[in-house]
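A quick write-up on the structure given underneath.
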């Protein structure tokens, strides 16, 4: 099983199913509720575990009761949490999530600004024997350290480039693979069209890059061929988009760790995300390897 180091955000999500997303100050009645672990890096780690990989998570949490809930749930999925560090006097990140009848979601997150940003305590990925590193932008200092070290060791270094992306572009340059969200790329490039934005940004990066555009599929910039490619999305019934991007990034990083080429890794990740959006919940909705392989056999 390929070992993947995930670096970034771990959070506890309180998820409410509602007929429609709130748009004014009044009381709303939820039709469903669950509390689940979330955060880009943590959800990706759960997806990797369910897909048969060996995830190790490096993240910052507080010294409160929620930290124990987060770590215990991750451990039940098989995520190695030895690098999840608790910091005294800090609160673990929390999110209120509302998911409407069409599967769209609204997220309000709190990340304690007192959590130390320094990442000098992170071990070298090469010394851990990892086959890929995945970092998110919620802890840019940690991702920058881990990705840069992986890149220097010729290990795939994947950046989950969601909002907010530091404007100086330094974090982007630490990665071998940059996977933008549509919103993240639109903000960074000041261009709403994902294909045009990637055509503008891709050639400026020392990396393979792509943008996940939901139902429009994935656009990818191949620096070797200097061209933009497109893979369409799988057509499925959407129930809940929460965590779909995180599952995509986890599956993509795992596929690279297993030695797959980028186009095959994109298809693998697209299938994982397509299965996830048909299920309620974040990482809890991530597919197993058997589910994913059965899905791809029919496509």
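In the working numbering, the protein residues as written are 1 to 299.
Glycine is no exception: its CB is placed at the ideal position from the N, C-alpha and C atoms.
Since the structure is predicted, the reported quantities are computational estimates derived from the model, not experimental observations.
At least 3 beta-carbon pairs within less than 8 Å: the segment 177-190 vs the segment 159-168: By the criterion of at least three beta-carbon pairs nearer than 8 Å, the segment 177-190 is in contact with the segment 159-168.
Taking C-alpha atoms, which residue in 173, 16, 4 and 290 lies nearest to residue 281? Comparing Cα-Cα distances from residue 281 to each of 173, 16, 4 and 290, the minimum goes to 16.
Find out if the Cβ-Cβ distance for the pair residue 96, residue 108 is shorter than 8 Å. Against a cut-off of 8 Å, the Cβ pair of residue 108 and residue 96 comes out as a contact.
Whole angstroms are fine: how far does the CA of residue 215 sit from the CA of residue 230? Approximately 12 Å between the Cα atoms of the pair.
Does the ligand COA have even one heavy atom less than 7 Å from the beta-carbon of residue 18? Among the components modelled here there is no ligand, and therefore nothing to report on the ligand COA.
Taking residue 235 as the reference, give the member of 197, 50, 275 and 254 with the closest Cα. Nearest option by C-alpha distance: 275.
So residue 37 and residue 67 are in contact, right, with Cβ under 8 Å, and what is the actual spacing, rounded? Residue 37 to residue 67, Cβ: 11 Å. No contact.
So what's residue 267 in DSSP terms, helix, strand or just coil? Helix.
Below 8 Å between beta carbons: does that hold for residue 51 and residue 253? Judged by beta-carbon spacing, residue 253 lies beyond the 8 Å limit of residue 51, meaning their Cβ atoms are not closer than that value.
If distances are taken between C-alpha atoms only, which option among 148, 240, 267 and 150 comes closest to residue 33? Residue nearest to residue 33 within the set 148, 240, 267 and 150 is 240 (criterion: CA-CA distance).
Quick one: is residue 298 buried, meaning 16 or more other Cβ sit within 10 Å of its Cβ, or exposed? Exposed, because fewer than 16 other Cβ atoms sit within 10 Å of the Cβ of residue 298.
Quick one: which unbroken beta strand (DSSP E) runs of 3-plus residues sit fully inside the segment 200-277? Chain order, please. If we require 3 residues or more, the beta strand (DSSP E) runs fully inside the segment 200-277 come out as 208-212, 218-222 and 227-231.
Assuming residue 246 and residue 47 make a contact with CB atoms under 8 Å, what is their CB distance in whole Å? That pair is a contact at about 7 Å.
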